[in-house]
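Colleague: In order, the protein sequences belong to chains A and B. Mapping of the first sequence onto my numbering: residues 1388 to 1579, in sequence order. Mapping of the second sequence onto my numbering: residues 1388 to 1579, in sequence order. Idealized CB from N, CA, C, for every residue including glycine. Computed from a predicted model, the values in this text were never measured in an experiment. One structure, pasted below without further comment.
2 protein chains.
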Amino acid sequence: MKASKVYRPANATTRDPRALKTREALRGALLALLDDKPLEEITIRQIAARAGVNYTTFFRHHTGKEELLDEIAASEIQTLFELTMPALDADDARAGSLALCRYVDEHRSLWARLLTGGAAARLREEFIRLTREFAAEHGSDHEWLPPEVGVIFGAGSTIELLTWWLQQAEPISVEKFATIHERLVVRPLVAK
Amino acid sequence: MKASKVYRPANATTRDPRALKTREALRGALLALLDDKPLEEITIRQIAARAGVNYTTFFRHHTGKEELLDEIAASEIQTLFELTMPALDADDARAGSLALCRYVDEHRSLWARLLTGGAAARLREEFIRLTREFAAEHGSDHEWLPPEVGVIFGAGSTIELLTWWLQQAEPISVEKFATIHERLVVRPLVAK
DNA sequence: TTATTTATGCAATAGAGTATTGCATAAGTT
DNA sequence: AACTTATGCAATACTCTATTGCATAAATAA
Chain A
1388 MKASKVYRPA
1398 NATTRDPRAL
1408 KTREALRGAL
1418 LALLDDKPLE
1428 EITIRQIAAR
1438 AGVNYTTFFR
1448 HHTGKEELLD
1458 EIAASEIQTL
1468 FELTMPALDA
1478 DDARAGSLAL
1488 CRYVDEHRSL
1498 WARLLTGGAA
1508 ARLREEFIRL
1518 TREFAAEHGS
1528 DHEWLPPEVG
1538 VIFGAGSTIE
1548 LLTWWLQQAE
1558 PISVEKFATI
1568 HERLVVRPLV
1578 AK
Chain B
1388 MKASKVYRPA
1398 NATTRDPRAL
1408 KTREALRGAL
1418 LALLDDKPLE
1428 EITIRQIAAR
1438 AGVNYTTFFR
1448 HHTGKEELLD
1458 EIAASEIQTL
1468 FELTMPALDA
1478 DDARAGSLAL
1488 CRYVDEHRSL
1498 WARLLTGGAA
1508 ARLREEFIRL
1518 TREFAAEHGS
1528 DHEWLPPEVG
1538 VIFGAGSTIE
1548 LLTWWLQQAE
1558 PISVEKFATI
1568 HERLVVRPLV
1578 AK
């Protein structure tokens, strides 16, 4: 008799339609629940139920709800950077801020859920990682500012400002917000 | 027969030496454990054990470990502001930054544990609240910057920078760090 | 000191949520 | 059609939070 192990379709590269459907359902379920309450108050059972999937199945794809949210956050921020980086490439600070803020504005409800629902810490980590990569190529050096601090500050305060913006019931315009971001975050970093 | 309820010495104003000792032991135990691992990985049982107190007793003083950490964080940040505000009162931006950074530097291990151990969110909230109070009196207005954003940014990025600084094995000097804080956080806020 | 109040220790217990396993079945793949 | 794989389902184990009743010892008031 061969010892049966816990079956795990798990690894994200699966092509099986059934697995893909389940993974998609789980992502959607978590995002839907994040509309109502923060991650800590969401149980795996609730996610599975909302996804129309058996509780056990959740663990065949993810180790926990945090990991699932990580996955979502990482992919979202990846997209954000891919669509925003080009604009940042130019030396026009305001254009970069504007591109970033526009993208977030166009995906408001998703980003609001991620930032205020419990993924802030993970989003911040990914944001820092990608910012670090970017800074390695385009960063400007200052004798008073260690590069890593610039990265932390740039990523951290951007997240900070975005979180505020996304929480507002009647948020200020993208243009005004981009101006704030440019003056408080970008300009101090490039100023000599 | 009178219905016996759960006895709660709880309220922080108790003068009973036994209760005071217990509360102090619990605070110390949590801080000690935060040296090794983040709050999520610490159980109430561990805190109680480390404090040399029965598990049940924990709940007679606190509703959970988060609340206990909140209590510690709130009192620490209160002290920080009381000792730092006077320096901020002067219009000398650098003096304010320096006073704040000096205080944190002198209480390095405690603040490192609070900021990196799980109290960051709570610390941030209190920091924002106190900053808001301060800004209401000393804040400078800009047509491009809603006062509340200035508060969020000032408090948030200060916490952000401090967290980085406190995590370094060989941190830069207080003076250099204060310069960074002044140039990245304070100056952009007061600049016209 | 004596009497009373109050804080803690201890044991029992309940409940929520996480995590795993074996087997059956159905959907996908070759 | 023969196989491989993903999910459903039921059972189960574990950890951690939280409460309760009673006994005891420490603190306070008489």
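Does DSSP put residue 1525 of chain A in a helix, a strand or coil?
Modeller: If DSSP states are grouped into helix, strand and coil, residue 1525 of chain A belongs with the helices.
Colleague: Mind reading off the beta-carbon distance from residue 1546 of chain A to residue 1489 of chain A? Whole number of angstroms is fine, and I expect it under 8 angstroms.
Modeller: Not confirmed; about 17 angstroms, so no contact.
Colleague: Indicate whether at least one CB of chain B lies closer than 8 angstroms to the CB of residue 1540 of chain A.
Modeller: Yes, because at least one Cβ of chain B sits closer than 8 angstroms to the Cβ of residue 1540 of chain A.
Colleague: Determine the closest residue to residue 1494 of chain A out of A:1417, A:1552, A:1426, A:1430, with distance taken between C-alpha atoms.
Modeller: Ranking the options by Cα distance to residue 1494 of chain A, first place goes to A:1552.
Colleague: Run through chain B and tell me which residues come within less than 7 angstroms of residue 1567 of chain A, C-beta to C-beta.
Modeller: Ordered by position in chain B, the residues that pass the 7 angstroms Cβ test against residue 1567 of chain A are 1531, 1532, 1536.
Colleague: Measure the CB-CB distance between residue 1517 of chain B and residue 1464 of chain B and report whether it falls below 8 angstroms.
Modeller: For residue 1517 of chain B and residue 1464 of chain B, yes; Cβs fall inside 8 angstroms.
Colleague: Locate the alpha helix (DSSP H) running through residue 1555 of chain A, then write down its first and last residues.
Modeller: Per DSSP, residue 1555 of chain A belongs to no alpha helix (DSSP H) and is neither H nor E.
Colleague: Could you check the C-alpha separation between residue 1443 of chain B and residue 1434 of chain B for me, to the nearest Å?
Modeller: The straight-line gap from Cα to Cα measures roughly 11 angstroms.
Colleague: Against residue 1543 of chain B, what residues of chain A qualify as contacts under a CB-to-CB distance less than 7 angstroms, listed in chain order?
Modeller: Residues of chain A passing the Cβ test: 1544, 1547.
Colleague: Do the stretch 1439-1455 of chain A and the stretch 1412-1425 of chain A make contact, defined as three or more Cβ pairs closer than 8 angstroms?
Modeller: Contact between the stretch 1439-1455 of chain A and the stretch 1412-1425 of chain A is present, because at least three Cβ pairs lie under 8 angstroms.
Colleague: Any beta carbon of chain B sitting closer than 8 angstroms to that of residue 1575 of chain A?
Modeller: Residue 1575 of chain A counts as touching chain B.
Colleague: Using the C-alpha atoms, what's the distance from residue 1447 of chain B back to residue 1347 of chain A?
Modeller: This structure cannot settle anything about residue 1347 of chain A, because the visible part of chain A is limited to 1388 through 1579.
Colleague: Can you check whether the C-beta of residue 1498 of chain B is within less than 8 angstroms of a C-beta belonging to chain A?
Modeller: Answer no: the Cβ-Cβ gap between residue 1498 of chain B and chain A never drops below 8 angstroms.
Colleague: Under 8 angstroms between C-beta atoms, does residue 1470 of chain A make it to chain B?
Modeller: No, because no Cβ of chain B sits closer than 8 angstroms to the Cβ of residue 1470 of chain A.
Colleague: What's the gap between the Cα of residue 1450 of chain A and the Cα of residue 1403 of chain A?
Modeller: Spanning the two alpha carbons is a distance of roughly 20 angstroms.
Colleague: Distance cutoff 8 angstroms, beta carbons only. Does residue 1391 of chain B sit that close to anything in chain A?
Modeller: Only weak support exists for where residue 1391 of chain B lies, its pLDDT of 41 falling under 50; the coordinates are left without a value.
Colleague: Determine which residues of the stretch 1413-1441 of chain A have a Cβ less than 8 angstroms from any Cβ of chain B, and write them out in chain order.
Modeller: Under the 8 angstroms Cβ criterion, the stretch 1413-1441 of chain A contributes no residue.
Colleague: Report the neighbours of residue 1516 of chain A on chain B: residues whose CB is nearer than 8 angstroms to its CB, in chain order.
Modeller: Those within 8 angstroms of residue 1516 of chain A in chain B number zero; the least Cβ separation is about 15 angstroms.
Colleague: Listing by chain order, which chain B residues have their CB less than 7 angstroms from the CB of residue 1571 of chain A?
Modeller: Residues of chain B passing the Cβ test: 1540, 1575.
Colleague: Whole alpha helix (DSSP H) runs in the stretch 1409-1490 of chain A with 4 or more residues, listed along the chain?
Modeller: Runs of the alpha helix (DSSP H) inside the stretch 1409-1490 of chain A: 1431-1438, 1442-1448, 1452-1476.
Colleague: Please report how far the alpha carbon of residue 1491 of chain A lies from the alpha carbon of residue 1500 of chain A, in whole angstroms.
Modeller: If I take the Cα positions, the gap works out to 12 angstroms.
Colleague: Where do the ends of the alpha helix (DSSP H) carrying residue 1575 of chain B lie?
Modeller: Start and end: 1574-1577.
Colleague: Just tell me which of B:1410, B:1422, B:1423, B:1421 has its CA closest to the CA of residue 1441 of chain B.
Modeller: Here the closest residue by C-alpha is B:1410.
Colleague: When we look at the beta-carbon of residue 1496 of chain A and count the other beta-carbons within 10 Å, is it buried (16 or more) or exposed?
Modeller: Label assigned to residue 1496 of chain A: exposed.
Colleague: Measure the beta-carbon distance from residue 1429 of chain A to residue 1420 of chain A and round it to whole angstroms, keeping in mind my assumption that it falls under 8 angstroms.
Modeller: The pair is a contact, with the Cβ atoms about 5 angstroms apart (cut-off 8 angstroms).
Colleague: Quick one: give me the first and last residue of the alpha helix (DSSP H) that residue 1495 of chain B is part of.
Modeller: That run of the alpha helix (DSSP H) goes 1495-1503.
Colleague: Give every residue of the same chain whose Cβ lies closer than 6 angstroms to the Cβ of residue 1564 of chain A, excluding the five residues on either side of it in the sequence, and list them in chain order.
Modeller: If we look at residue 1564 of chain A and ignore the five residues flanking it on each side, its Cβ neighbours are 1488, 1552.
Colleague: Report yes if the C-beta distance between residue 1575 of chain A and residue 1534 of chain B is below 8 angstroms; otherwise report no.
Modeller: No, the Cβ-Cβ distance between residue 1575 of chain A and residue 1534 of chain B is not below 8 angstroms.
Colleague: Going by alpha carbons, who is nearest to residue 1515 of chain A out of A:1407, A:1468, A:1401?
Modeller: Ranking A:1407, A:1468, A:1401 by Cα distance to residue 1515 of chain A puts A:1468 first.
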